[in-house]
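Worksheet: one structure, shown below.
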DNA sequence: CCGGGTGTTCGACAGGATTGAACGGACCAC
DNA sequence: GTGGTCCGTTCAATCCTGTCGAACACCCGG
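Chains as they are written, first to last, in the numbering used here: chain A, 40 to 296; chain B, 40 to 296.
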């Protein structure tokens, strides 16, 4: 959706943002390295970095530049204003308490899934989650989301981001993906058996937008469990029911925000 | 530290970043409103927004523009690379488990305190914390930090951000602040009695950088408790000991990263 | 069908972004 | 101590581009 049309862009700003994005993916980096990697004159790079530093988007330390924590705060503020977050936070907490597992709230943007909130129950597995960005095809949250959008939209996303594998079980095949989305659509929940991360399995339910005429999705909610617990009724019945209950309640409450 | 020297900045980029910062503080905003508020021509604003949108720093929705969740992820990535985070995360988890309270890890930047990680124990109070940015004078974390920097540095920060009050008990007086910092320096921990938020009290210890010659600080760690529990030995002895133990261990481990 | 609010395009001009080369400073090896 | 290397910084000239207001196109509600 985003990219090219024929209209004008501000090239200087594009460069500044390119530098910012470049820094974001790295540890501390020197100005000269930025210049070399991006193919910009060293002096030019310097002015861009000064501008970024002035505006407090970038911090300079002994051994190089890095992105400022300001971005974290700005991102956090955006999340706080999202209705899916406002309606979903309490439900995630509750679900984590009840199941004792790790529960996650996701929202889609630019064809990615952003994990905007999580809570760990007693027995929960332990990783970074909140703040992360993931592809949509290799995890339950993403598949729950995709199960609710038009197939053109899926095309668009797959075309943009591909279907890269992160484990041997990741779905890398468009037809296989479609089949799973179909069953997810009928069952109301999506599963993930170590497709994103070895040892981790998930169940997720989409959070739809019930107020607009054509039903649309914004995100999804999930429970993540260690593979050892991903079996029997617990994983195929109990958790799916809990997750989709939670999703339904969020859908209703979301309208109040 | 940051702002003015005589050197050149890239004005177009300054504008782009100004717009981005402006959007960050608001809900969805229309392009024309941005133009009016910032005093930029509507057409110019449009090009800037297109540029930001292209680079996926901003998202356009029906009723206006908003900042992209990309910023959240970028911020999150920065945090993951910080040695204070890497060394402190596990300790915060442990402290939360032991005390049952809310524990927070803070890092300083640009004269602000950024809450980069938290964990809630069983009985913990419940707010947004991680991702937030706070002033340094009105809470235990900030005061623990300030207690370890030169008084010139404190001057600088106070001058830049002032001493605004958020509750009746906030310290708004420079001498009172200095006195508290002095006792924090000797005791090794700082306290906060409902100075930032009514009903909330904290104990915090600074996390120093022990490897450089001149000892410097990077952040602080704290326990936050409801005012009702902020009394007796629990608050004046037990928690301070637990918090400064944790801080010391982090200081040692930080060197490995 | 019109009106008010958007976002969008246009062309012209002035002013700024870009560049390479040259300078200054910190640090390390020897 | 000294030479070398790497970094950031500055400069002045060139060309290009960001800026602007006005005019256009769009969408929605009345």
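Glycine included, every Cβ here is placed at the ideal spot set by N, Cα and C.
Other residues of its chain near residue i: CB distance less than 7 Å, five sequence neighbours each side excluded
i, result
"residue 80 (chain A)", "74"
"residue 183 (chain B)", "223, 228, 229, 243, 244, 245 and 259"
"residue 67 (chain B)", "100, 102, 103, 104 and 105"
"residue 234 (chain B)", "177, 178, 206, 208, 209 and 210"
"residue 288 (chain A)", "130"
"residue 204 (chain B)", "211"
"residue 162 (chain A)", "139 and 140"
Own chain partners of residue i with C-beta closer than 8 Å, once the 5 adjacent residues on each side are dropped
i, result
"residue 197 (chain B)", "176, 213 and 216"
"residue 304 (chain B)", "Here chain B has residues from 40 to 296 only, and residue 304 (chain B) is not among them."
"residue 172 (chain B)", "151, 152, 153 and 154"
Chain B within 8 Å of residue i, Cβ atoms only
i, result
"residue 79 (chain A)", "no"
"residue 111 (chain A)", "yes"
"residue 252 (chain A)", "Note on residue 252 (chain A): pLDDT 47, under 50, position unreliable in the model; no value is reported."
"residue 114 (chain A)", "yes"
"residue 176 (chain A)", "no"
"residue 53 (chain A)", "yes"
"residue 167 (chain A)", "yes"
"residue 213 (chain A)", "no"
"residue 248 (chain A)", "no"
"residue 49 (chain A)", "yes"
"residue 86 (chain A)", "yes"
"residue 170 (chain A)", "yes"
"residue 124 (chain A)", "no"
Within-8 Å CB hit, residue i to chain A
i, result
"residue 137 (chain B)", "no"
"residue 224 (chain B)", "no"
"residue 148 (chain B)", "yes"
"residue 117 (chain B)", "yes"
"residue 237 (chain B)", "no"
"residue 120 (chain B)", "yes"
"residue 105 (chain B)", "yes"
"residue 66 (chain B)", "yes"
"residue 71 (chain B)", "no"
"residue 108 (chain B)", "yes"
"residue 184 (chain B)", "no"
Residue i - partner residues in DSSP beta bridges
i, result
"residue 232 (chain A)", "A:240"
"residue 246 (chain B)", "B:258"
"residue 143 (chain B)", "B:157 and B:261"
"residue 151 (chain B)", "B:148"
"residue 172 (chain B)", "B:153"
"residue 99 (chain A)", "A:104"
"residue 68 (chain B)", "B:104"
Inter-residue Cα distance where the pair is residue i and residue j
i, j, result
"residue 211 (chain B)", "residue 220 (chain B)", "14 Å"
"residue 125 (chain A)", "residue 46 (chain B)", "44 Å"
"residue 169 (chain B)", "residue 57 (chain A)", "27 Å"
"residue 268 (chain A)", "residue 293 (chain B)", "35 Å"
"residue 48 (chain A)", "residue 60 (chain A)", "17 Å"
"residue 128 (chain B)", "residue 139 (chain B)", "16 Å"
"residue 185 (chain B)", "residue 280 (chain A)", "50 Å"
"residue 107 (chain B)", "residue 98 (chain B)", "5 Å"
"residue 96 (chain B)", "residue 152 (chain B)", "24 Å"
"residue 266 (chain A)", "residue 90 (chain A)", "48 Å"
"residue 252 (chain B)", "residue 55 (chain A)", "The pLDDT assigned to residue 252 (chain B) is 47, lower than 50, so where the model puts this residue is not dependable; a value taken from the coordinates is nonetheless given after this. Each residue's Cα considered, the two are about 36 Å apart."
"residue 192 (chain B)", "residue 278 (chain B)", "28 Å"
"residue 164 (chain B)", "residue 71 (chain B)", "41 Å"
"residue 291 (chain A)", "residue 283 (chain A)", "13 Å"
"residue 275 (chain A)", "residue 231 (chain A)", "11 Å"
"residue 238 (chain A)", "residue 51 (chain B)", "48 Å"
"residue 202 (chain A)", "residue 132 (chain B)", "35 Å"
"residue 136 (chain B)", "residue 181 (chain A)", "32 Å"
"residue 158 (chain B)", "residue 82 (chain B)", "46 Å"
"residue 262 (chain A)", "residue 119 (chain A)", "22 Å"
"residue 144 (chain A)", "residue 121 (chain B)", "25 Å"
"residue 64 (chain A)", "residue 109 (chain B)", "12 Å"
Where the beta strand (DSSP E) through residue i begins and ends
i, result
"residue 305 (chain A)", "Residue coverage of chain A in this structure runs from 40 to 296, which leaves residue 305 (chain A) outside it and unanswerable."
Bounding residues of the alpha helix (DSSP H) (the contiguous stretch that carries residue i)
i, result
"residue 282 (chain B)", "278-293"
"residue 225 (chain B)", "213-226"
"residue 202 (chain B)", "No alpha helix (DSSP H) holds residue 202 (chain B); DSSP gives it neither H nor E."
"residue 113 (chain B)", "109-120"
"residue 53 (chain A)", "50-63"
"residue 182 (chain B)", "179-185"
"residue 273 (chain A)", "It is not in any alpha helix (DSSP H) - residue 273 (chain A) carries neither H nor E in the DSSP assignment."
"residue 81 (chain B)", "81-93"
Neighbourhood of residue i by C-beta distance below 6 Å, restricted to the same chain and skipping five residues each side
i, result
"residue 286 (chain A)", "244, 246 and 260"
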